[in-house]
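**Student:** One structure follows; several queries about it will come next.
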Amino acid sequence: MTPSHLLSRADLDFLLHDWLRVSELTGRERYADHSRETIDAVLDLSAELAETYFAPHFRKADLTEPRLVGEEVELIPEIGEALAKFAEADLVGAAMDERVGGMQLPYTAYLACMAWFYAANISTAAYPLLTTGNANLLLAHGSDEQIRTYVEPMIQGRFTGTMCLSEPHAGSNLADITTRAEPQPDGTYRLFGQKMWISGGEHQMAENIVHLVLAKVPGSPAGTRGISLFIVPKYLVDDDGSLGERNDIVITGLNHKMGFRGTVNTMPTLGQGIHTPGGRPGAVGYLVGEENTGLKKMFTMMNEARLGVGLGATAIGYTGYLKSLDYARNRPQGRPAGADPSTPQVMLTRHTDVRRMLLAQKSYVEGALALGLYCARLVDDEKTGSPEESMAAKTLLDVLTPIAKSWPSQWCLKANELAVQVLGGAGYTIDYDVEQHYRDNRLNPIHEGTHGIQGQDLLGRKVLAGGGAGLTALTGRITQSCDRAAAAGGVVAELASLLRPRVTRLIEVTTSLAEVGATDPEAFLADATEYLEATGHVVIAWIWIEQLLALGDRVAGGAGADAFAAGKLKAAEYFLRRELPIVDAKFDLLAAGDRTTLDMRDDWF
5 MTPSHLLSRA DLDFLLHDWL RVSELTGRER YADHSRETID AVLDLSAELA
55 ETYFAPHFRK ADLTEPRLVG EEVELIPEIG EALAKFAEAD LVGAAMDERV
105 GGMQLPYTAY LACMAWFYAA NISTAAYPLL TTGNANLLLA HGSDEQIRTY
155 VEPMIQGRFT GTMCLSEPHA GSNLADITTR AEPQPDGTYR LFGQKMWISG
205 GEHQMAENIV HLVLAKVPGS PAGTRGISLF IVPKYLVDDD GSLGERNDIV
255 ITGLNHKMGF RGTVNTMPTL GQGIHTPGGR PGAVGYLVGE ENTGLKKMFT
305 MMNEARLGVG LGATAIGYTG YLKSLDYARN RPQGRPAGAD PSTPQVMLTR
355 HTDVRRMLLA QKSYVEGALA LGLYCARLVD DEKTGSPEES MAAKTLLDVL
405 TPIAKSWPSQ WCLKANELAV QVLGGAGYTI DYDVEQHYRD NRLNPIHEGT
455 HGIQGQDLLG RKVLAGGGAG LTALTGRITQ SCDRAAAAGG VVAELASLLR
505 PRVTRLIEVT TSLAEVGATD PEAFLADATE YLEATGHVVI AWIWIEQLLA
555 LGDRVAGGAG ADAFAAGKLK AAEYFLRREL PIVDAKFDLL AAGDRTTLDM
605 RDDWF
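Residue numbers for the sequence shown, in the working numbering: 5 to 609.
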């Protein structure tokens, strides 16, 4: 079989089966109908669908952007065809409950499947990402009627879903949203307001679109405590499941981004009076749960989406790496230093600096993929493990989620930048995919909370939650891996010895910052992004140690090891020897309490 240029199946198999031992999950009741064979079969199917239906229109969707024609959005037909195939394969509900039509696949295996689609065509794969997140939120917080009315058609591929959070004047600060929801005598609400940056907000690829909308009921508390969550469908749904009137939510504009161009991005207006369900204006909405609990419920979808965005960033970086590797292996150019100029040119991979760029990419994308799947395994353990396993998984997952979102968004983007550089001038042209991969991936440091917001979440909430339980859980796991590596000896022990002092420094710096936070919250969070980046590098270094431990004796052979193991070892060495040391300067900065940015004034710019 010809290796794919989307992902490495050998790497996925190693991570899923040799390291995370996903097949062991099938011993738990929820996953009892599955086995390694069924998991591998779904992976095979995902790879085939991604190659056959998602990858071919990757470039066309970028060049032919969505168009707003009247109230309707026109997309290239290949997007709808790909999504139909995705739904026909029952992949929308692959990880969901059998009672609603899902197949209860382990979440670890499900995210591995989704990685194929993200690598093939992230802008088309964004539609099912949003729909599954929407459906999972309603499964967690919706009523039985809401699940029957909206979730089951989403799983069947008949409806799609969105999340409507931001507004033009509020941006990421949801405390300032002004969309209002007026209670009605029949228990529904009428919504009025405008949303912004809503992906998948209008199209013709499904019978209905289920919008999850954050809004405030008049008289609710100020800030985020007064936010409620509503289902606002494009078409109202009658009691028998048939579609009724068009709801009063219309698209008043499209946003044209530098990447993800096949994902229509919209500005919806609610309650403009263009449509009047029941003879009066206002978008009909249905409350999810209780009033003033909307943001907490929305985090169910947002946290899932953060893992999805991180995995999407990883997949884009991964396919860019494989495509630049293929180019470098087949492009003759130049000769080694000191070679006779009359000798034939050598392939790009013969040049040390090109190997440096390829090895850097490999260390970023394979480390990020392992982190994303590790987090997915924590989701499975939280859902199906013993009470002790579940609590431990939740604590660790909480602290890893902002890292799993932001680290790949930064460093797999760096991988895409290096892929462009490997191709040289060709990399900057539309004749090769790598320039589009870079543009697509550049959106991910913004998606689902900016890089800076993830840093504030990590430092301001997650590592210090429960009296520092998050930090203890993380550093405890890393220390355990270092202990195992020390017992294994050899190069694995040597590399772990580079990580161990950085773990100690992470604990020291976090403790010091917590003391600052007790009296000066602004100074405490001023360099949260630096903290996120340093902690992220420590985590990825740990993930590389974990991969080497899973390889076991396969890395002992050094240069004589099999190619897969030797490549993993070199990528781990690259990361721990060349990348990990950058955390020292960041920890020094954080420990020093430098106020350069904090004290900068507006009129000094």
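Every residue gets a Cβ at the ideal spot worked out from N, C-alpha and C, and that includes glycine.
Start and end of the beta strand (DSSP E) containing T164?
**Tutor:** Reading the sequence shown from its first residue, position 160 is the one you call residue 164. F163 to C168 is the extent of the beta strand (DSSP E) around T164.
**Student:** Please report how far the alpha carbon of T433 lies from the alpha carbon of M118, in whole angstroms.
**Tutor:** As a position in the sequence shown, residue 433 is number 429, starting the count at 1. As a position in the sequence shown, residue 118 is number 114, starting the count at 1. Distance between the alpha carbons of T433 and M118 is about 28 Å.
**Student:** Is it right to say H260 is buried, meaning 16 or more other beta carbons lie within 10 angstroms of its own, or is it exposed?
**Tutor:** The residue labelled residue 260 in the question sits at position 256 within the sequence shown. Its Cβ having fewer than 16 others within 10 Å, H260 is exposed.
**Student:** With respect to the beta strand (DSSP E) encompassing T256, which residues constitute its N-terminal and C-terminal limits?
**Tutor:** Taking the first residue of the sequence shown as 1, we reach residue 256 at position 252. Unbroken beta strand (DSSP E) run through T256: I253 to N259.
**Student:** Thinking A99 and Y122 are a contact (beta carbons under 8 Å), I'd like their distance in whole angstroms, please.
**Tutor:** As a first step, residue 99 must be located in the sequence shown, where it is residue number 95. As a first step, residue 122 must be located in the sequence shown, where it is residue number 118. Not a contact, Cβ separation roughly 15 Å.
**Student:** Identify, in the order they occur along the chain, each residue of the same chain with its Cβ nearer than 7 Å to the Cβ of D384, setting aside the five sequence neighbours on each side.
**Tutor:** The residue given as residue 384 occupies position 380 in the sequence shown. Closer than 7 Å at Cβ, skipping near neighbours: L29, P110, Y111 and T112.
**Student:** Do you know whose CA, among M302, T280, L24 and D603, lies nearest L169's CA?
**Tutor:** As a first step, residue 169 must be located in the sequence shown, where it is residue number 165. Of the candidates M302, T280, L24 and D603, the one whose C-alpha sits nearest the C-alpha of L169 is M302.
**Student:** Roughly how many angstroms separate the alpha carbons of G282 and V96, rounded to a whole number?
**Tutor:** Here residue 282 refers to the residue found at position 278 when the sequence shown is read from its first residue. Here residue 96 refers to the residue found at position 92 when the sequence shown is read from its first residue. Distance between the alpha carbons of G282 and V96 is about 33 Å.
**Student:** Please identify the residue among L536, E519 and A497 whose C-alpha is closest to the C-alpha of E550.
**Tutor:** Counting from 1 along the sequence shown, the entry for residue 550 is found at position 546. Selected option, being the one with the closest Cα: A497.
**Student:** Going straight from the alpha carbon of T515 to that of A45, what length do you get?
**Tutor:** In the sequence shown, the residue the question calls residue 515 occupies position 511. In the sequence shown, the residue the question calls residue 45 occupies position 41. Roughly 47 Å between the two C-alpha positions.
**Student:** Roughly how many angstroms separate the alpha carbons of Q198 and L311, rounded to a whole number?
**Tutor:** Counting from 1 along the sequence shown, the entry for residue 198 is found at position 194. Counting from 1 along the sequence shown, the entry for residue 311 is found at position 307. Cα to Cα, the separation comes out at about 27 Å.
**Student:** Out of L329, S485, L593 and S346, state which residue places its alpha-carbon closest to the alpha-carbon of A530.
**Tutor:** Against the sequence shown, residue 530 aligns to sequence position 526. Looking at the Cα atoms, L593 is the closest of the given residues.
**Student:** For the stretch 59 to 77 against the stretch 202 to 210, do three or more pairs of beta-carbon atoms, one drawn from each stretch, fall closer than 8 Å, so that the two count as touching?
**Tutor:** With the cut-off at 8 Å, the stretch 59 to 77 and the stretch 202 to 210 touch.
**Student:** Out of I450, I255, I213 and A226, state which residue places its alpha-carbon closest to the alpha-carbon of Q276.
**Tutor:** Counting from one through the sequence shown, the residue named residue 276 turns up at place 272. Nearest of I450, I255, I213 and A226 to Q276, Cα basis: I255.
**Student:** With F568 as the anchor, note down where its alpha helix (DSSP H) starts and where it stops.
**Tutor:** On the sequence shown, position 564 is the one that residue 568 refers to. That run of the alpha helix (DSSP H) goes A567 to Y578.
**Student:** Which residue's Cα is closest to the Cα of L216: R360, A210, G289 and A518?
**Tutor:** For this step, residue 216 is matched to residue 212 along the sequence shown. For L216, the nearest C-alpha among the options comes from G289.
**Student:** Flag this pair as touching only if the stretch 346 to 366 and the stretch 396 to 405 have three or more C-beta atom pairs under 8 Å; answer yes or no.
**Tutor:** Contact between the stretch 346 to 366 and the stretch 396 to 405 is absent, because fewer than three Cβ pairs lie under 8 Å.
**Student:** Nearest to F234 by CA position, among L299, P285 and G471, is which residue?
**Tutor:** Here residue 234 corresponds to residue number 230 of the sequence shown, with the count starting at 1. Ranking L299, P285 and G471 by Cα distance to F234 puts L299 first.
**Student:** For A129, collect the residues of the same chain with a Cβ closer than 8 Å to its Cβ; drop the 5 residues on either side in sequence, then sort them by chain order.
**Tutor:** On the sequence shown, residue 129 is found 125 positions in, with the first residue counted as 1. Cβ within range, chain order: F58, M118, F121, Y122 and G316.
**Student:** Under three-state DSSP, which class holds K220?
**Tutor:** Residue numbering aside, residue 220 sits at position 216 when the sequence shown is read from its first letter. K220: strand per DSSP, three-state reduction.
**Student:** Output the distance between the C-alpha atoms of A86 and V313, rounded to the nearest integer angstrom.
**Tutor:** For this step, residue 86 is matched to residue 82 along the sequence shown. For this step, residue 313 is matched to residue 309 along the sequence shown. About 20 Å.
**Student:** Please state if the CB of V155 and the CB of M236 are separated by a distance shorter than 7 Å.
**Tutor:** Position 232 of the sequence shown, counted from the first residue, corresponds to residue 236. Position 151 of the sequence shown, counted from the first residue, corresponds to residue 155. One detail in the question is off: residue 236 reads as Val in this sequence, not Met. No.
**Student:** Does DSSP put S12 in a helix, in a strand, or in coil?
**Tutor:** On the sequence shown, position 8 is the one that residue 12 refers to. If DSSP states are grouped into helix, strand and coil, S12 belongs with coil.
**Student:** Would a C-beta distance cut-off of 7 Å place Q365 and A419 closer than the cut-off?
**Tutor:** Start at 1 with the first residue of the sequence shown, and residue 365 comes out as number 361. Start at 1 with the first residue of the sequence shown, and residue 419 comes out as number 415. Yes, the Cβ-Cβ distance between Q365 and A419 is below 7 Å.
**Student:** With a threshold of 16 other CB atoms inside 10 Å of the CB of E526, please say whether the residue is buried or exposed.
**Tutor:** Sequence index remark: in the sequence shown, residue 526 carries index 522 (1-based). E526 comes out exposed.
**Student:** Rounded to the nearest angstrom, what separates E76 and T270 at their Cα positions?
**Tutor:** Residue mapping note: residue 76 aligns to position 72 of the sequence shown, counting from 1. Residue mapping note: residue 270 aligns to position 266 of the sequence shown, counting from 1. Their backbone Cα atoms lie some 11 Å apart in a straight line.
**Student:** Using a Cβ-Cβ cutoff of less than 6 Å, which residues in the same chain neighbour E82 once the five nearest sequence positions on both sides are dropped?
**Tutor:** Position 78 of the sequence shown, counted from the start, is the residue given in the question as residue 82. H61, listed in sequence order.
**Student:** In the DSSP assignment, the beta strand (DSSP E) including M271 goes from what residue to what residue?
**Tutor:** Here residue 271 corresponds to residue number 267 of the sequence shown, with the count starting at 1. Its beta strand (DSSP E) spans residues N269 to L274.
**Student:** From the DSSP output, which residues share a beta bridge with N212?
**Tutor:** Residue mapping note: residue 212 aligns to position 208 of the sequence shown, counting from 1. Answer is F163, bridged to N212.
**Student:** Might you give, ordered along the chain, the residues of its own chain that have their beta carbon closer than 8 Å to the beta carbon of I80, omitting 5 neighbours on each side?
**Tutor:** Locating residue 80 in the sequence shown gives position 76, where the first residue counts as 1. Same-chain partners within the cutoff: H61, K64, A65, T68 and G266.
**Student:** Quick check on H541: buried or exposed, where buried means 16 or more other Cβ atoms within 10 Å of its Cβ?
**Tutor:** Working through the sequence shown from its first residue, we reach residue 541 at position 537. With 16 or more other Cβ atoms within 10 Å, it is buried.
**Student:** DSSP on E452, reduced to helix/strand/coil?
**Tutor:** As a first step, residue 452 must be located in the sequence shown, where it is residue number 448. Reduced to three states, the DSSP call for E452 is coil.
**Student:** Would you kindly report the start and end of the unbroken alpha helix (DSSP H) that includes R481?
**Tutor:** For the purposes of this step, residue 481 is taken as the residue at position 477 of the sequence shown. Looking at the DSSP string, the run of the alpha helix (DSSP H) that includes R481 is A469 to A492.
**Student:** Under three-state DSSP, which class holds G197?
**Tutor:** By 1-based counting over the sequence shown, the position of residue 197 is 193. Here G197 sits in strand by DSSP.
**Student:** Use the C-beta contact count for H451: other C-beta atoms within 10 angstroms, 16 or more gives buried, fewer gives exposed.
**Tutor:** Stepping through the sequence shown from its first residue, residue 451 is reached at position 447. Buried, since its Cβ has 16 or more Cβ neighbours within 10 Å.
**Student:** Applying the 10 Å Cβ sphere with the 16-neighbour rule, what's the burial state of W608?
**Tutor:** For this step, residue 608 is matched to residue 604 along the sequence shown. Burial call: exposed.
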